[in-house]
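Participant: Supplied in structure tokens, the structure appears directly below.
Number of protein chains: 2
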Amino acid sequence: MEFPEPVRDLPPDEADPWRFHDCVTKYENAWIAVTESAVTRPDGRPGIYGVVHYANRAVAVVPIDEQGCTWLVGQYRPTVGCYSWEVPEGGVPRGEDLAEGARRELLEETGLTASTYELVSRTNLSNSVTDEEGLVFVATGLSLGEAAPEGTEQLRVLRMRVDDVMELIDGGEITDGFTVIAMAAADRWRRRLGLGQSVPPVPSQP
Amino acid sequence: MEFPEPVRDLPPDEADPWRFHDCVTKYENAWIAVTESAVTRPDGRPGIYGVVHYANRAVAVVPIDEQGCTWLVGQYRPTVGCYSWEVPEGGVPRGEDLAEGARRELLEETGLTASTYELVSRTNLSNSVTDEEGLVFVATGLSLGEAAPEGTEQLRVLRMRVDDVMELIDGGEITDGFTVIAMAAADRWRRRLGLGQSVPPVPSQP
Numbered sequence: 099m100e101f102p103e104p105v106r107d108l109p110p111d112e113a114d115p116w117r118f119h120d121c122v123t124k125y126e127n128a129w130i131a132v133t134e135s136a137v138t139r140p141d142g143r144p145g146i147y148g149v150v151h152y153a154n155r156a157v158a159v160v161p162i163d164e165q166g167c168t169w170l171v172g173q174y175r176p177t178v179g180c181y182s183w184e185v186p187e188g189g190v191p192r193g194e195d196l197a198e199g200a201r202r203e204l205l206e207e208t209g210l211t212a213s214t215y216e217l218v219s220r221t222n223l224s225n226s227v228t229d230e231e232g233l234v235f236v237a238t239g240l241s242l243g244e245a246a247p248e249g250t251e252q253l254r255v256l257r258m259r260v261d262d263v264m265e266l267i268d269g270g271e272i273t274d275g276f277t278v279i280a281m282a283a284a285d286r287w288r289r290r291l292g293l294g295q296s297v298p299p300v301p302s303q304p
Numbered sequence: 099m100e101f102p103e104p105v106r107d108l109p110p111d112e113a114d115p116w117r118f119h120d121c122v123t124k125y126e127n128a129w130i131a132v133t134e135s136a137v138t139r140p141d142g143r144p145g146i147y148g149v150v151h152y153a154n155r156a157v158a159v160v161p162i163d164e165q166g167c168t169w170l171v172g173q174y175r176p177t178v179g180c181y182s183w184e185v186p187e188g189g190v191p192r193g194e195d196l197a198e199g200a201r202r203e204l205l206e207e208t209g210l211t212a213s214t215y216e217l218v219s220r221t222n223l224s225n226s227v228t229d230e231e232g233l234v235f236v237a238t239g240l241s242l243g244e245a246a247p248e249g250t251e252q253l254r255v256l257r258m259r260v261d262d263v264m265e266l267i268d269g270g271e272i273t274d275g276f277t278v279i280a281m282a283a284a285d286r287w288r289r290r291l292g293l294g295q296s297v298p299p300v301p302s303q304p
């Protein structure tokens, strides 16, 4: 069978073919609520749908300095049982301004403040089961003070060239999906603007 | 304060500073289980931790043909209340071979079969609350038969240049985070290998 011709633009959205009935909250804590609904599926058959609702938006901040470097924070993630190097990120409650949340998370985790915070990506992190929203800011015009992490966080911080972080992603050494989304968006944003690509590579440790 | 020198390599992992006690299952369906544990946090203080465990691994397949085109599938996502264009993706139960799951999802959703399925990315999609794992395959050597979607899926399928999909991501028209992870990995894989970049741009519709 021949391949169809490629299209350039997305066609118009179609209407919601799902019907949700009788939504019941099955679990709730300070961060998530789990609901279960009876549903009529797109093919007309009955089923159930469990949805995980998040109290906070996930906000990532990718600081980029004039040497083309960014900052990563390392912490143990008990949900997946491994140590993880990630972009500075945290939860911003609905109601709090997103850029203000980005400013706070960056300062708490790295001690950095920025003159500009630009929103570069807005995605749903796991849309088959959750409503979690992930927003990515790029922070530029950086200056460094003292970090002040939360009690649930035992963080290490390092500075690294964006190009080297992208190679760690390609090599599978960075496993946090939201960090991959954030770095991919920040790297493409930086390349479009031609920013911070002047620094020579850092030699590998012997 | 001066910026620290950039590093090239990640330092060794640190040990798990969390202690989990008394894990109780609070909710369970065919796709997820929610547990709540009493915890001792990294700072030594008590707390609770709710974790969403996934029965399946999320597997995305990015087909790339010799003209530098891929396929997207469109469906309504009731969790986030919007229509979403995504790479072919689905759940692969623990126990099923991942590449076999990739083959099945690609065929069901697009009718495509491939001669090669290469694993290019392995991430955790939302590691503050869930253990969901996302795996990305690039499929090459493509031939087209009949699609056969599941009853929960009412899909539209289109073929589009990878470069154009990346621009839709930059422009915020693609909102599924796993699709962003998959396309970023596939695009960088393709660029490293110098594959499928020969096709001219498709003109925009008037």
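As they're listed, the protein sequences go chains A and B.
Residues in the first sequence are numbered consecutively from 99, following our numbering.
Residues in the second sequence are numbered consecutively from 99, following our numbering.
All C-beta atoms, glycine included, are put in the ideal place defined by N, C-alpha and C.
1) Look up V190/B in the DSSP assignment and say whether it is helix, strand or coil.
2) Step through the CB atoms of chain A and report whether any lies within less than 7 Å of the CB of R288/B.
3) Given L256/B, which residues of its chain have a CB within under 6 Å of its CB, disregarding the five upstream and five downstream residues?
4) Compare the C-beta of P161/A with all C-beta atoms of chain B and state if any pair is closer than 7 Å.
5) Could you check whether the Cβ of Y194/A sits closer than 7 Å to any Cβ belonging to chain B?
6) Would you check if the stretch 118 to 138 of chain A and the stretch 274 to 281 of chain A touch, i.e. whether three or more CB-CB distances between them fall below 8 Å?
7) So for V132/A, helix, strand or coil by DSSP?
8) Once you ignore the five residues that flank A153/B on each side, which residues in its own chain have a CB closer than 6 Å to its CB?
9) When the cut-off is 7 Å and only beta carbons count, does D120/B lie next to chain A?
10) Pick helix, strand or coil for L233/A, following the three-state DSSP scheme.
11) From the DSSP output, in three-state form, read off Y150/B for me.
12) Output, in chain order, the set of chain A residues within a Cβ distance shorter than 7 Å of D268/B.
13) If distances are taken between C-alpha atoms only, which option among R220/B, I267/B, W287/B and V149/B comes closest to V122/B?
14) Can you give me the Cβ contacts of V160/B inside the same chain, cut-off strictly under 6 Å, excluding the 5 residues immediately before and after it?
15) What does a CB cutoff of less than 8 Å around G142/B pick up in its chain, not counting 5 residues either side in sequence?
16) Bridge partners for L210/A per DSSP, in chain order?
17) What residues are listed by DSSP as bridge partners for F118/B?
18) Pairing CB atoms from the stretch 238 to 258 of chain B with CB atoms from the stretch 105 to 123 of chain A, are three or more of them under 8 Å?
19) Would you grab the beta carbon distance between E216/A and F276/A for me? Rounded to a whole angstrom, and I think it's under 8 Å.
20) I'd like to confirm the pairing. Which residues does DSSP put opposite D107/A in its beta bridges?
21) Hey, quick one: how far does the beta strand (DSSP E) through E184/B stretch, first residue to last?
22) Could you tell me if G243/A is buried or exposed, where buried requires 16 or more neighbouring beta carbons within 10 angstroms of its beta carbon?
23) Please confirm whether G292/B has its beta-carbon closer than 7 Å to some beta-carbon of chain A.
24) For the stretch 188 to 220 of chain B, enumerate the residues whose C-beta is nearer than 8 Å to any C-beta of chain A, in chain order.
25) Would you mind working out which of P104/A, Y147/A, E100/A and P102/A sits nearest D316/A, comparing C-alpha positions?
26) With a threshold of 7 Å between beta-carbons, can N154/B be considered close to chain A, or not?
27) Which residues bound the beta strand (DSSP E) around V171/B?
28) Where do the ends of the alpha helix (DSSP H) carrying R286/B lie?
29) Who pairs with E216/B in a beta bridge, going by DSSP?
30) Run down chain A in chain order and give the residues with a C-beta less than 7 Å from the C-beta of D111/B.
31) Count the other CB atoms, across all protein chains shown, that sit within 10 Å of the CB of T273/B; report buried if there are 16 or more and exposed otherwise.
32) Check whether the Cβ atoms of W116/A and P176/B lie closer than 7 Å to each other.
33) Please look up how many angstroms separate the CB atoms of L196/A and L204/A, rounded, as I've assumed it's under 8 Å.
34) Figure out for me which residue from A212/A, L233/A, G189/A and S182/A has the closest Cα to the Cα of R56/A.
35) Mapping the DSSP letters down to three states, classify V260/A as helix, strand or coil.
36) Assuming contact is defined by CB atoms lying nearer than 7 Å, are E265/A and R155/A in contact in what I supplied?
Facilitator: Result, derived from the coordinates:
1) In this structure, V190/B counts as strand in the three-state DSSP scheme.
2) Among the CB atoms of chain A, none fall inside 7 Å of the CB of R288/B.
3) Cβ neighbours of L256/B beyond the five flanking positions: L170.
4) No, P161/A does not count as interfacial toward chain B.
5) A small fix is needed here, since residue 194/A is Glu in this sequence, not Tyr. By this cut-off, E194/A is not an interface position.
6) Too few Cβ pairs lie closer than 8 Å, so no.
7) The answer is strand: DSSP assigns V132/A an E or B state.
8) Take A153/B, set aside five residues on each side of it, and the residues of its chain with a beta-carbon closer than 6 Å to its own are W129, in chain order.
9) Judged by the 7 Å Cβ criterion, D120/B is not in contact with chain A.
10) It is a strand residue.
11) Correcting the residue type first, residue 150/B is Val in the shown sequence and not Tyr. Strand.
12) Chain order gives the chain A residues near D268/B as R286, where near means a beta carbon separation below 7 Å.
13) For the residues R220/B, I267/B, W287/B and V149/B, the minimum Cα distance to V122/B belongs to V149/B.
14) T168, V185, V236, A280 and A284.
15) Counting only Cβ-Cβ distances below 8 Å, and skipping sequence neighbours, we find nothing.
16) In the DSSP output, where bridge partners are listed per residue, L210/A has L242/A.
17) Note: F118/B sits in a beta bridge opposite V137/B.
18) With contact defined as three or more Cβ pairs closer than 8 Å, the stretch 238 to 258 of chain B and the stretch 105 to 123 of chain A are in contact.
19) Not quite, the Cβ-Cβ distance comes to about 18 Å (not below 8 Å), so this is no contact.
20) Residue pairing by DSSP places D107/A in no beta bridge whatsoever.
21) That run of the beta strand (DSSP E) goes C180 to E184.
22) Residue environment: G243/A is assigned as exposed (fewer than 16 neighbouring CB atoms within 10 Å of its CB, all protein chains considered).
23) For G292/B, not one C-beta of chain A is nearer than 7 Å to its own C-beta.
24) Those would be G189, G209, S219 and R220, in chain order.
25) Only positions 99 to 304 of chain A appear in this structure, which leaves residue 316/A out of reach.
26) No, because no Cβ of chain A sits closer than 7 Å to the Cβ of N154/B.
27) Element bounds for V171/B: C167 to R175.
28) Unbroken alpha helix (DSSP H) run through R286/B: G275 to L291.
29) Its beta-bridge partners are V236/B.
30) Contacts between D111/B and chain A, judged by CB atoms closer than 7 Å, involve Y181 in chain order.
31) By the neighbour-count rule (16 or more Cβ atoms within 10 Å), T273/B is buried.
32) Yes.
33) Incorrect: roughly 13 Å between the Cβ atoms, too far for contact.
34) In the structure displayed, chain A extends from 99 to 304; residue 56/A sits before or after that span and is not available.
35) Here DSSP, grouped into helix, strand and coil, assigns V260/A to helix.
36) No, the Cβ-Cβ distance between E265/A and R155/A is not below 7 Å.
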